[in-house]
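Input: a single structure, listed below in structure tokens.
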Amino acid sequence: MSSDLEYLVEMGWTRDHAEKALKETNYQGLQAALEWIVDHPPEEKEPAKTSTIEGDLSADQEPPLTALVCQSYKCEDCGKQLKSEEEIQVHSARTGHANFSESADTVKPLTEEEKQAQIKRISEYLEKKKIQRQEEERVRQIEDEKRRREQGKTLVSAKIKFQEEEMRRVAEQTRREKAEDKAYRERLRAEIARDREEKMARAAAAKAEASGSPLPPSPVHQPVAATTPKNAPTYSRPTECRLQVRTPTGQPVVATFKPSEPLSAVVLYVSQQWPGAPPNGVDTREITLQTTFPTRKFTEEDLQRSLEDLGLCPSAVLMAQHKPVY
Numbered sequence: 109m110s111s112d113l114e115y116l117v118e119m120g121w122t123r124d125h126a127e128k129a130l131k132e133t134n135y136q137g138l139q140a141a142l143e144w145i146v147d148h149p150p151e152e153k154e155p156a157k158t159s160t161i162e163g164d165l166s167a168d169q170e171p172p173l174t175a176l177v178c179q180s181y182k183c184e185d186c187g188k189q190l191k192s193e194e195e196i197q198v199h200s201a202r203t204g205h206a207n208f209s210e211s212a213d214t215v216k217p218l219t220e221e222e223k224q225a226q227i228k229r230i231s232e233y234l235e236k237k238k239i240q241r242q243e244e245e246r247v248r249q250i251e252d253e254k255r256r257r258e259q260g261k262t263l264v265s266a267k268i269k270f271q272e273e274e275m276r277r278v279a280e281q282t283r284r285e286k287a288e289d290k291a292y293r294e295r296l297r298a299e300i301a302r303d304r305e306e307k308m309a310r311a312a313a314a315k316a317e318a319s320g321s322p323l324p325p326s327p328v329h330q331p332v333a334a335t336t337p338k339n340a341p342t343y344s345r346p347t348e349c350r351l352q353v354r355t356p357t358g359q360p361v362v363a364t365f366k367p368s369e370p371l372s373a374v375v376l377y378v379s380q381q382w383p384g385a386p387p388n389g390v391d392t393r394e395i396t397l398q399t400t401f402p403t404r405k406f407t408e409e410d411l412q413r414s415l416e417d418l419g420l421c422p423s424a425v426l427m428a429q430h431k432p433v434y
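Be aware that the sequence shown starts at 109, since it is given in my numbering, and climbs by one per residue.
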């Protein structure tokens, strides 16, 4: 019903007249409303009364001319006689004509054939407008679907790009951690070999002393030359200590500390980052740390020692355990 009303208003009739046409035909459709409008054109405004020139006239003066009363309107583009301003609006909307003039001629009532022809023209016009609107809606839906697909492609591309960058970042981090673990293991092997040599030397010395044999010569360290080779590497103290602490569950905790910081700072940080811990973390007394290769469990005395003294610089991998204290 609302679409029929909008069609009639778009044709040029007033909303009140269009609503009346639909109401009088019990809302039986646009065709019935058009037939009622043709049979019941809008009421015309009462024409203005003619006026004469006031004043006393002498006997030899001609009577004043009365103003012509507008009985209809004429389309200067096609010559059609129109009865009211609403018919002008309808005619202009249907044909696109815009030049009209007032006329003193009275419009003859339409015959039944003329009424049916007029209804047919209006119906054809409305059907044309309906098809036009449907085509515009179809085009709009196509454009909306294109925009939706373009937005979807953009989102998918952004997601793929993010995933690729994340994979590269994880791969780089894994490569770096492997390199650090390898360097750490090499240092440990060197320390173990040095400790083994020292133990063997001490055991040999003790055995020789017990048997009264002369002591074996101690390994002589070559003195360092006064001048070092030009390309010889120089030792520099680490400026930071990067630790990877692995927990029984969850992702490893990775953090960077100063070499001078005590081991207790690492314990405090791990207690705050413990997976599944409450907002204030877990009790530091419940956290124990140890290295895996070689196995070394840090004690309470080690908590006050610096990371550099404990040999954890520039990087190391630690295992953490959580044992509740009751």
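C-beta atoms are modelled at their ideal positions from N, C-alpha and C, and glycine is treated no differently.
Exercise. Given S379, which residues of its chain have a CB within under 8 Å of its CB, disregarding the five upstream and five downstream residues?
Worked result: Result list for S379: A385, G389, V390, D391, T392, E394 and I395, in chain order.
For this session: Using the DSSP secondary-structure output, state which residues sit across from H430 in a beta bridge.
Result: The bridge partners DSSP lists for H430 are I395.
Exercise. For Y233, which residues does DSSP report across the bridge?
Worked result: Beta-bridge pairing links Y233 to no other residue.
Problem set entry | Nearest-angstrom Cα separation, counted from E273 out to F401 | F401 and E273: Cα-Cα distance of roughly 33 Å.
Problem set entry | Continuous alpha helix (DSSP H) stretch holding V375: start and end | That run of the alpha helix (DSSP H) goes L371 to Q381.
Exercise. Cα-Cα, which of R413, R123, P360 and L130 is closest to E285?
Worked result: Checking every option, the nearest Cα to that of E285 belongs to P360.
Problem set entry | E245 to D252 span [Cα, whole Å] | C-alpha separation (whole angstroms): 10 Å.
Exercise. What are the start and end residues of the beta strand (DSSP E) that includes V390?
Worked result: In the DSSP annotation of this structure, V390 is not part of any beta strand (DSSP E), being labelled neither H nor E.
For this session: Can you tell me which of E232, G137, F270 and V146 puts its alpha carbon nearest to the alpha carbon of E221?
Result: The candidate whose alpha carbon is nearest that of E221 is V146.
For this session: State the Cα-Cα distance for the pair K315 and M308, rounded to the nearest angstrom.
Result: If I take the Cα positions, the gap works out to 10 Å.
Problem set entry | Residue interval of the beta strand (DSSP E) (run including A363) | Segment V361 to F365, the beta strand (DSSP E) holding A363.
For this session: Look up Q49 in the DSSP assignment and say whether it is helix, strand or coil.
Result: Here the chain covers residues 109 to 434 and nothing more, so residue 49 does not appear.
Problem set entry | Own chain, CB closer than 8 Å to R413, minus 5 neighbours either side, in chain order | Correct list, in chain order: P370 and L371.
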